[in-house]
Amino acid sequence: MATVFYDHLIDWPKLYNALDAAGIDGEERLEIVEHIEHELHTEVLIVFVEYLPVEKHAEFLERFHNAPYDETHLQFVITHGKSGVEEAVRQRANKVIDEILVDLTPA
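For the record, in the sequence shown the residue sitting at position 37 is 38 according to the working numbering, with numbers rising by one throughout.
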């Protein structure tokens, strides 16, 4: 997935270290990372929308759609939404990563 404005809120090393520890590489690793990126993208956007008032949803989603990499999107949510969105994104992202990694860890 291309760079998105919330990438700095995702603990990517945690994911890559877990894949390394599990000995997952090559095509399988690529598929897992793509799956996790897709899941994270969906969950993170849900968090941002949850933190914004309804009347700002369409504007935020349009801005994001037009320039997903634009770091001003985070400031938009902070300015117009409830406080704590950055921590909420970190927590949701960690939860998604943890849930997927459980399936990769041998019992």
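Note that the Cβ used here is the ideal one computed from N, Cα and C, for glycine as well.
{"Query": "Span of the alpha helix (DSSP H) around G27", "Result": "G27 to Y52"}
{"Query": "Y17 (DSSP reduced to helix, strand or coil)", "Result": "helix"}
{"Query": "Neighbourhood of T4 by C-beta distance below 7 Å, restricted to the same chain and skipping five residues each side", "Result": "Y70"}
{"Query": "Close Cβ partners of L31 (< 7 Å) along its chain, the five nearest in sequence each way excluded", "Result": "none"}
{"Query": "Spatial neighbours of V90 in its chain, beta-carbon cut-off 7 Å, leaving aside the 5 residues before and after", "Result": "Y7, L10, V45 and V48"}
{"Query": "Exposure of V103, with buried meaning 16 or more beta-carbon neighbours within 10 Å", "Result": "exposed"}
{"Query": "Rounded separation between H81 and L20 - CA only", "Result": "37 Å"}
{"Query": "C-alpha gap between L62 and E29, whole angstroms", "Result": "32 Å"}
{"Query": "Through-space distance from E87 to F17, alpha-carbon basis", "Result": "The question names Phe, yet the displayed sequence has Tyr at residue 17. Looking at the two C-alpha atoms, the distance is approximately 22 Å."}
{"Query": "Rounded Cβ spacing between R93 and F77 (contact assumed at less than 8 Å)", "Result": "Incorrect: roughly 19 Å between the Cβ atoms, too far for contact."}
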